[in-house]
Each structure stands twice: as structure tokens, then as C-alpha cells.
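Numbers 0 to 150, taken from numbering that gives the first Met the number 0, label the letters of the sequence shown in order. Note that beta-carbon positions come from the ideal geometry of N, C-alpha and C, so glycine has one too. These numbers come from a predicted model, not from an experiment.
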Amino acid sequence: MSPQQDALRFLSSFACRELDSAMLRRLEKRILVDLPSNEARRVMIQHWLPPLSDSGGVELRTDLDYNLLGQETDGYSGSDIKLVCKEAAMRPVRKIFDALENHPPGNSNFPVIRLDTITTADFLDVIAHTKPSAKNLSQKYTAWQKEFESV
Numbered sequence: 000m001s002p003q004q005d006a007l008r009f010l011s012s013f014a015c016r017e018l019d020s021a022m023l024r025r026l027e028k029r030i031l032v033d034l035p036s037n038e039a040r041r042v043m044i045q046h047w048l049p050p051l052s053d054s055g056g057v058e059l060r061t062d063l064d065y066n067l068l069g070q071e072t073d074g075y076s077g078s079d080i081k082l083v084c085k086e087a088a089m090r091p092v093r094k095i096f097d098a099l100e101n102h103p104p105g106n107s108n109f110p111v112i113r114l115d116t117i118t119t120a121d122f123l124d125v126i127a128h129t130k131p132s133a134k135n136l137s138q139k140y141t142a143w144q145k146e147f148e149s150v
């Protein structure tokens, strides 16, 4: 990467409210990228948890109401949504680990192992335990945008 690309990545990942006035003067464009819309959240969830995902011989199925989940994740950032999707995908895997850990030693008859389908209820349970990271900061970022925006 070029030095300009490194600087851009540094500035884009820096918390905007922590930049001093000297740094702000040097930035030609200051654009706030807001939290994803309902539609964007729906598309992200569908991307990370499609109806059928087959990677490396492991088949993961979902039965999700993507419209409802897009609405229920209001205030979640893209990173939050990815985290929630990963957590939902881990639920069937954890059930397999539990079954293997509770298998009696010396017994060579393992139960048939199959990943459960991830349901809307599973996803809703995950978001009940995983709160959005940026929802409370939204007003601060909006105030910053009003004061410093340059487009």
C-alpha cells in the first residue's frame, strides 16, 4: 500500500470526535458513514447467513425471516451484524460439541451428527444477548457531522 492509502485507512478508522482541529483542517472531505439502513441490514444478514451455505463439506441451513431480522437489528453496525451472524451460526456447532463431550468414554457408537437449521428464533435470541456497539454513539456522530461535514 502507498503512504496515502495507509493514511486514509488510519483516518477512516480513527474515532472522529478524537481528531484535533489541526488534523481536521488537513482533511479535505469529512463524511460520516451512518449505521446501515433496514434494507442494508437485511442484505448483510442474508449474505452472512444464506438459506444454504456449503463450504468444505459442511452444510449449514437457515430458515430466517430476513425482513424481520433487518427491522430487529436497528442500531447495529455492519460489524455488529457480522458478529451476531457468526454467533447464530455457532449455535448448531455448540450442540455438536455438547453431544460429543457427553458421549460415554469407550463407547464407539457415536450419535449421528447433523447441524441443526438456524431459525429466526435462534437469531432473535442471539440479538437479545448481543447489544449494538454504536447505537448510543449515533447522536454524537450526527452532532460531529453537523459541525465538521465537508462534502
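| query | Beta carbon of Ile-126, beta carbon of Val-83: below 7 angstroms? | reply | Yes; because the gap between Cβ atoms is below 7 angstroms, this pair is in contact.
| Helix, strand or coil: how does DSSP classify Asp-62 here? | strand
| I think Leu-48 touches Leu-63, with their Cβ atoms under 8 angstroms apart; what is that distance to the nearest whole Å? | Cβ-Cβ separation between Leu-48 and Leu-63: approximately 6 angstroms, consistent with a contact (criterion under 8 angstroms).
| request: Measuring alpha carbon to alpha carbon, tell me which of Phe-96, Asn-66, Arg-90, Arg-60 ends up nearest Thr-116. | output: Arg-60
| field | Environment of Glu-71 [buried if 16+ CB atoms lie within 10 Å] | value | buried
| field | Spatial distance of Pro-35 from Met-43 (CA atoms) | value | 9 angstroms
| task | Consult DSSP for Val-32 and reduce its assignment to one of helix, strand or coil. | result | In the structure shown, Val-32 sits in coil (DSSP, three-state: anything other than H, G, I, E or B).
| Which residue or residues does DSSP assign as beta-bridge partners of Thr-118? | Asp-62
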